[in-house]
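In this text, residue positions in the sequence shown follow UniProt numbering: the first is 1, and each later residue adds one. Have a look at the structure below, then the notes.
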Amino acid sequence: MKVAIIGSGFGGLSIALRLQSLGYEVTIFEKQNRIGGHAYQIKAHGYTFDLGPSLITAPSIIRRIFTQAGEDMDDHLELIPLDPFYRIYFHDKTYLDYSGNPEKMVREIAKFSPSDSEKYESFMKFAKDLYKSVILDGLGSKPFLSIKDFFLSAPKLISTLSILPAYLRVKQYFKDEKIRFTFSFHPLFIGGSPFLSPALYLMIPFLEREEGVWFTKGGMYSVVEKLGELFEKKGGKIKVGEEVEEIVIEDKTARSIRTNKGTYDFDIVISNAHIYHTNTELLASSKLKHWDKKKLNKAKYSMSTFLIYLGVKKKYDKLQHHTLILSERYKGLVDEIFSETTLPDDFSMYLHVPSKTDEGMAPAGCESMYVLIPVPNLNANVDWLQEKDRYTEKILDFLENEFGLDDLRSNIEYLSVFTPDDFQDQRNNHLGAAWSLQPTLFQSANFRPPNRSKDIRNLYYVGASTHPGGGVPGVMLSAEVTEKLIRQEYPL
Numbered sequence: 001m002k003v004a005i006i007g008s009g010f011g012g013l014s015i016a017l018r019l020q021s022l023g024y025e026v027t028i029f030e031k032q033n034r035i036g037g038h039a040y041q042i043k044a045h046g047y048t049f050d051l052g053p054s055l056i057t058a059p060s061i062i063r064r065i066f067t068q069a070g071e072d073m074d075d076h077l078e079l080i081p082l083d084p085f086y087r088i089y090f091h092d093k094t095y096l097d098y099s100g101n102p103e104k105m106v107r108e109i110a111k112f113s114p115s116d117s118e119k120y121e122s123f124m125k126f127a128k129d130l131y132k133s134v135i136l137d138g139l140g141s142k143p144f145l146s147i148k149d150f151f152l153s154a155p156k157l158i159s160t161l162s163i164l165p166a167y168l169r170v171k172q173y174f175k176d177e178k179i180r181f182t183f184s185f186h187p188l189f190i191g192g193s194p195f196l197s198p199a200l201y202l203m204i205p206f207l208e209r210e211e212g213v214w215f216t217k218g219g220m221y222s223v224v225e226k227l228g229e230l231f232e233k234k235g236g237k238i239k240v241g242e243e244v245e246e247i248v249i250e251d252k253t254a255r256s257i258r259t260n261k262g263t264y265d266f267d268i269v270i271s272n273a274h275i276y277h278t279n280t281e282l283l284a285s286s287k288l289k290h291w292d293k294k295k296l297n298k299a300k301y302s303m304s305t306f307l308i309y310l311g312v313k314k315k316y317d318k319l320q321h322h323t324l325i326l327s328e329r330y331k332g333l334v335d336e337i338f339s340e341t342t343l344p345d346d347f348s349m350y351l352h353v354p355s356k357t358d359e360g361m362a363p364a365g366c367e368s369m370y371v372l373i374p375v376p377n378l379n380a381n382v383d384w385l386q387e388k389d390r391y392t393e394k395i396l397d398f399l400e401n402e403f404g405l406d407d408l409r410s411n412i413e414y415l416s417v418f419t420p421d422d423f424q425d426q427r428n429n430h431l432g433a434a435w436s437l438q439p440t441l442f443q444s445a446n447f448r449p450p451n452r453s454k455d456i457r458n459l460y461y462v463g464a465s466t467h468p469g470g471g472v473p474g475v476m477l478s479a480e481v482t483e484k485l486i487r488q489e490y491p492l
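Now the structure itself:
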């Protein structure tokens, strides 16, 4: 049975390798001249930059894919544990080192609030219950095709109060605002507001404690490369530089795909492209009843990001592998970003400095880093063509003169910038939304686009747009969901 996969991101590669290992005949089509989708690398002047995902929080999900393919992940990837996971700098220049070590975390929390340190374990017990539901009991890899599927899972969600917004649930445990941030910010890593996303995502702190936070030697793109190599080793085909322009539908069935190089017939089509691009561009000639252009235009999309990639001929001891630098505002800033009106005057940021862990990512004595600033998506009134240079200078000025990265500008050997416009133009992300749809309660589980089309019988979806959502673990779990459906509906 012949399967076409549109896109080679983590979701596309995961479903491709899973199905190829089961005996399906799988071909991946990728419009870029390399695989990876959002995950790829730039190498310049001896610096290596991961563009896209920067950390692994659920290595067990990656391991399962290698195992299904009959391989040991450890034979292909060198995972390096990080400690601390993140250093969080608050606006007053105090910081907290966030790790998976319970004793260390109690001490770190106690620096800010001794009473909150006493609540750490009770919060983690709550997070563990969520982790058990999502990961161990399979809620994250369960198909949600109907409202019935949702209500069958509703008792678990209600019993843990995980339908409340994440921040409100954290607020029930901790009094200090800095500690509340520390345990509520994780939805931002998948494009959601902690004040809107359901508390279900608070399972992430326990997931991190249970499985660790990791980096792969050679960068995150090495995971993409190894998955691609293994897929081809198993007999799969990858067509890079070949953009899918249309999914050809006849009698509510995907009969073929038309690319910029030809037309090919397939029995099953799986899209790893964003749902908006798939349903409004690739299916433009089809009349959809579910998740059509009208409904997609009403959906809530994630924030975007402004990214600065820096090759710096200097080391900075105050930076960790992952560093968060926060504005004085938390809720106000997040609300302003998600209001999608204008660019806030202040900002918080995340710095990824992989050369702290893997010296091969930069020349000796130098740092490879990227700076990520959450910004509104393209619904906001921001002209990034005009704003790009000014905003870059504003960020560099803050890092050098306020945060204390001395002589930063004079030591920059490489600089490039990626804006919300680039997300839309280069990656087909509607509105430049970095994670596609927001993970709100009513855009989760059954309320999210399902992993199988309700209009076209042999069309499936993987990736950030479908269940369970964005982030590397989420898109790889989406492949597990889609595999279950295909094995059930198109068995070999």
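Ideal Cβ positions, reconstructed from N, Cα and C, are used throughout, including at glycine. These numbers were taken from a predicted model, which means no experiment stands behind them.
Here's a check: name, in chain order, each residue in its chain whose Cβ is nearer than 7 Å to the Cβ of residue i, leaving out the five neighbours to either side.
i, result
"E232", "I238"
"I15", "I5, I270, V462, A479, T482, E483"
"G119", "Here residue 119 is Lys; the residue named in the question, Gly, does not match the sequence. Within the same chain, K119 has close Cβ partners Y173, F174."
"M73", "I62, R63, F66"
"T48", "Q41, G219, M361, S368"
"L441", "I163, P198"
Does DSSP put residue i in a helix, a strand or coil?
i, result
"G228", "helix"
"W435", "coil"
"F266", "coil"
"S8", "coil"
"P473", "helix"
"K234", "coil"
"V481", "helix"
"K239", "strand"
"V170", "helix"
"V375", "strand"
"Y490", "coil"
Given that a residue counts as buried once 16 or more other Cβ atoms are within 10 Å of its Cβ, and exposed if not, what is residue i?
i, result
"G7", "buried"
"F206", "buried"
"E108", "buried"
"L492", "exposed"
"K175", "exposed"
"K178", "buried"
"T182", "buried"
"H290", "exposed"
"P84", "buried"
Anyone know if the C-beta pair for residue i and residue j falls short of 8 Å?
i, j, result
"E210", "Y131", "yes"
"Y301", "A464", "no"
"L378", "L310", "no"
"P473", "A58", "yes"
"residue 514", "D425", "In this structure the chain extends from 1 to 492, so residue 514 is not present and cannot be described."
"Y316", "E367", "yes"
"L437", "L372", "no"
"G404", "K318", "yes"
"R169", "L202", "yes"
"V312", "N411", "yes"
"T259", "N458", "no"
Please return the same chain residues whose Cβ sits closer than 6 Å to the Cβ of residue i, not counting the five positions on each side in sequence.
i, result
"Y276", "L296, H430"
"R448", "H467"
"S416", "Y309"
CB-CB under 8 Å to residue i, same chain, minus the five flanking residues each way: which ones, in chain order?
i, result
"I56", "I62, L79, V213, W214, F215, T216, M220, V223, V472"
"P143", "D149, P450, N451, R452, H467, V481, K484, L485"
Please confirm whether residue i has its beta-carbon closer than 8 Å to some beta-carbon of chain B.
i, result
"D50", "Here chain B cannot be found, since the structure has a single protein chain."
### Query
At what residue ranges does the segment 404 to 459 contain a whole run of the alpha helix (DSSP H), taking only runs of 4 or more?
420 to 427
### Query
Counting only runs that start and end within the segment 185 to 218, where is the alpha helix (DSSP H) found for 4 or more residues in a row?
203 to 211
### Message
Suppose only complete runs of 4+ residues qualify. What are the alpha helix (DSSP H) ranges in the segment 303 to 373, listed by chain order?
### Response
331 to 338
#### Entry: Ranges of the alpha helix (DSSP H) found wholly within the segment 58 to 144, counting only runs of at least 4
59 to 68, 102 to 110, 114 to 117, 120 to 131
### Query
What runs of the beta strand (DSSP E), each 3 residues or longer, lie entirely inside the segment 17 to 64?
25 to 30, 40 to 44, 47 to 51
### Message
Which complete alpha helix (DSSP H) runs does the segment 243 to 303 hold, if anything under 4 residues is left out?
### Response
293 to 298
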